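Data first, discussion second: the structure below is written as C-alpha cells.
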Amino acid sequence: MTYDVAIIGGGIHGVGVAQAAAVRGYKTVLLEQYDNLAEGTSSRSSKLIHGGLRYLEQFEFSLVRECLIERSYLLKNAPDLVKLTPVYIPIYKNSKRTPLMIRMGLSLYALLGNLSKDARFKKIPKQEWESLHGLTQENLLAVYKYFEAQTDDSLLTLSVMNSAQDYGAELILNAKVNKVLLEDNSNKIMYLDDQGKINELKSKVIVNAAGPWASHIVDNVQPEQKNIQVDLVQGTHIILPIQLGEVIFYIESPHDQRPIFVMPWYGETMIGTTESIFNNDPSKTSPLVQEVEYLLDAFYKHFPKFRDHKFDVSKKFSGLRVLPRSQKNANQRSRETIYLRDRKHKPRLLSIFGGKLTAYRATAEHVMSYIESSLPKAKNQSNTKELKLSKPS
Ligand SMILES: Cc1cc2nc3c(=O)[nH]c(=O)nc-3n(C[C@H](O)[C@H](O)[C@H](O)COP(=O)(O)OP(=O)(O)OC[C@H]3O[C@@H](n4cnc5c(N)ncnc54)[C@H](O)[C@@H]3O)c2cc1C
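With this note's numbering, the residue at position 341 of the sequence shown is 624, and numbering never jumps.
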C-alpha cells in the first residue's frame, strides 16, 4: 500500500499537515519517534497564540498579520483550548522602548489585527497601578494593556491529531525514522519500532516536520539532498509556585533588555524565555543555571516583593527554536518558516524549518499548496479554517 502523504514528526506542524492532508481526502500517515505526541518543542513553547508584537521591530508584518488571523480562527474554533488573556506592558524610565514607541507598536498591531475587538489596547491610569499584583512602580512611566491568547501547546497538538484521525489519518508512535529513499514511483521511509525492528512504508510525498531534528532527517535522505544552515536556539521557562492573577506581564530583562513574559500557568506563574545557542542532540535540552538566574533576575526586578522568597525552581523546561544561521542575535533573526523541497515541480520531500505554534494551520496549508502537484486531485471534505477543536479527554 502506498500513502499519499507520510509525515515525520508529531509536533504541532506534523499534526497540522496530517489534518490538512486528511481533510482533502488523502491517505495520510504520521510517524513519531516517541510514545507520545508533542514531546519536542510543541510542549516547551511559551504557549502563546499571538501575533508577536516584538516582530514588528524586525518589520515582519506579514508574519504578524498571518499569526493574528490564525489567532482569530483558534479563538473561534478552539474556545476550550485557546483563551484571550490581558497582557500588561510596563514602561520604565530606563526601558528600551518609550511609551510612544509602545503606543505606535500597539496601534500597528491593532491595524494588522483588522482593528477587531481582540486587538484593542489601552493605557492603564496611574491610580490603577496599585492593582497590578505588586509590579514595581519605581520609575514607572506608563502601563499599556492589550490582549494575547494562551493555550496548552501539548493539548492543542493532541486535539489537532484527533481531528486529523477523524478524517482518516493514521498515527504510528514509537516510529523513529532513520532513512528516506526518494524514488520517482515510490518514496520510502525506513523506521525503527520500539522493538528495534526496521519497518518500511511508501508514500507519494514525504513531509519532514521533525522540528529541531529536521536537518538530521535531510542528512539521511538518498539520493543526498541540499540541506540548509540553521542554528538551534534554546529557550528556557521556569515555573514559580505563586499566583499573580489571570494576566500576563511583558517585561524587559535588566541584563540585555530582551522581552520576557510572566504568565499564569495552571495556578502558578511561568516565566520565559531565554536564547542560548544549542549545539547538542535535540533530545538533550535542559535549562542552564544561568538561564534560571537570568529569568529570576528579571522577575525580582519587576516584582521586588518576592525577592526574599526562596523559590524552589524545580519546575523548568527548555525548547529549541530552529532559526536561519546568521551572525545576528537570535532575537533579531527572521521568524519566517522555511520550506525546503527536493525539487520545485512535483516535490517528493518537503522539510519545514522554524515556524510558530500560532500559525501551524497556515503553515500546513502552505505545505499542501507546495505538494499538491505531486498528489491526485483533492476531494475536500472540509476546510481547516472551520474545523472545531476540542480538548482531548
Ligand atoms: C522557547 C520557545 C518558545 C516558543 N513560544 C512560542 C509561542 O509562545 N507561540 C508560538 O506561536 N510559537 C512559539 N514557539 C515556536 C513553536 O513552539 C514551534 O515553532 C513549534 O512548536 C515547532 O513545532 P514542530 O512540530 O516543528 O517541532 P516539534 O514540536 O519539535 O516536533 C517535531 C517532532 O518530530 C519528532 N521527530 C524528530 N525526529 C524524528 C524521527 N527521526 N522519527 C520520527 N519522529 C521524529 C520529534 O520527536 C517531535 O515530536 C516557541 C519556540 C520555543 C523554542
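We put the beta carbon where it would ideally sit given N, CA and C, even for glycine.
Model, not experiment: these values are computed from the prediction.
Residues of its chain near residue i, where Cβ-Cβ distance is below 7 Å and the 5 sequence neighbours each way are ignored
| i | result |
| --- | --- |
| G388 | L336 and L339 |
| S345 | none |
| R644 | G299, E353, Y356 and T667 |
| A305 | T311, A447, Y450, G451 and A452 |
| N510 | S498, V501 and D502 |
| S673 | D363 and S442 |
| L391 | L339 |
| A425 | I374, P382 and K406 |
| K459 | Q316, Y474 and L475 |
| L423 | P373, Y375 and W412 |
| G638 | H296, T620 and T646 |
| S328 | D436, G602 and L640 |
DSSP-derived helix/strand/coil call for residue i
| i | result |
| --- | --- |
| V572 | helix |
| K406 | strand |
| P362 | coil |
| K662 | coil |
| F582 | helix |
| Y704 | The question about residue 704 has no answer, for the chain in this structure spans 284 to 676. |
| A645 | helix |
| Y530 | Note that residue 530 is Val in the sequence shown here, rather than Tyr. DSSP places V530 in coil when its eight states are reduced to three. |
| V513 | strand |
| P537 | coil |
| L383 | helix |
| S329 | coil |
| F561 | strand |
| L398 | coil |
| L640 | coil |
| F670 | It should be noted that the sequence gives Leu, not Phe, for residue 670. Correct three-state label for L670: coil. |
| L418 | coil |
Residues bridged to residue i (per DSSP)
| i | result |
| --- | --- |
| W548 | E551 |
| S601 | T519 |
| T620 | Note: T620 sits in no beta bridge, so no partner. |
| K462 | M473 |
| P524 | Bridge partners of P524: none, in fact. |
| Q505 | L464 |
| E322 | DSSP, once it has assigned bridges, lists no residue as partnering E322. |
| T368 | E431 |
| S634 | N491 and L623 |
| Y286 | S486 |
| V677 | Residue coverage of the chain in this structure runs from 284 to 676, which leaves residue 677 outside it and unanswerable. |
| E453 | V312 |
| S675 | Before going further, note that residue 675 is Pro rather than Ser in the sequence given. None, per the DSSP bridge assignment. |
| P607 | V513 |
| I244 | Nothing about residue 244 can be reported from this structure: the residues present for the chain run from 284 to 676 only. |
| I543 | I534 |
| I352 | Answer is none; I352 lacks a bridge partner. |
| I654 | Paired residue(s): none; I654 is not in a bridge. |
| I295 | Its beta-bridge partners do not exist; DSSP assigns none. |
Other residues of its chain near residue i: CB distance less than 6 Å, five sequence neighbours each side excluded
| i | result |
| --- | --- |
| L571 | none |
| N503 | K462 |
| Y429 | V370, L389 and F404 |
| T440 | I295, V298, L320, A321 and S325 |
| P547 | E529 |
| I554 | I521, V545, L578 and F582 |
| N663 | R307 |
| A493 | I291, G292 and I500 |
| V286 | The identity of residue 286 in the sequence shown is Tyr, whereas the question assumes Val. Taken in chain order, the residues that qualify are K310, V312 and S486. |
| L456 | E315 and D318 |
8 Å Cβ shell around residue i - same chain, five flanking residues per side excluded
| i | result |
| --- | --- |
| S656 | H628, K629 and P630 |
| K379 | E535 and Q540 |
| E648 | A303 and T667 |
| L438 | L364, K674 and P675 |
| S569 | S601 |
- Report yes or no: do the region 326-334 and the region 299-317 share at least 3 C-beta pairs separated by less than 8 Å? Contact annotation: the region 326-334 does not touch the region 299-317, with fewer than three C-beta pairs closer than 8 Å.
- Message: Does the structure place the region 360-372 close enough to the region 519-537 that three or more beta carbon pairs sit under 8 Å?
- Response: The way I'd put it, the region 519-537 does touch the region 360-372; three or more beta-carbon pairs between them come closer than 8 Å.
- Message: Quick check: the region 312-330 against the region 295-303, are at least 3 beta-carbon pairs closer than 8 Å?
- Response: Yes, the region 295-303 is in contact with the region 312-330.
- Hey, is the region 582-590 in contact with the region 558-567, meaning 3+ C-beta pairs nearer than 8 Å? no
- Are three or more beta carbon pairs between the region 444-451 and the region 463-477 nearer than 8 Å? These segments do not touch.
- Inter-stretch contact at 8 Å, needing at least 3 Cβ pairs: the region 592-611 / the region 470-486: Taking a contact to require three or more Cβ pairs closer than 8 Å, the region 592-611 and the region 470-486 do not qualify as touching.
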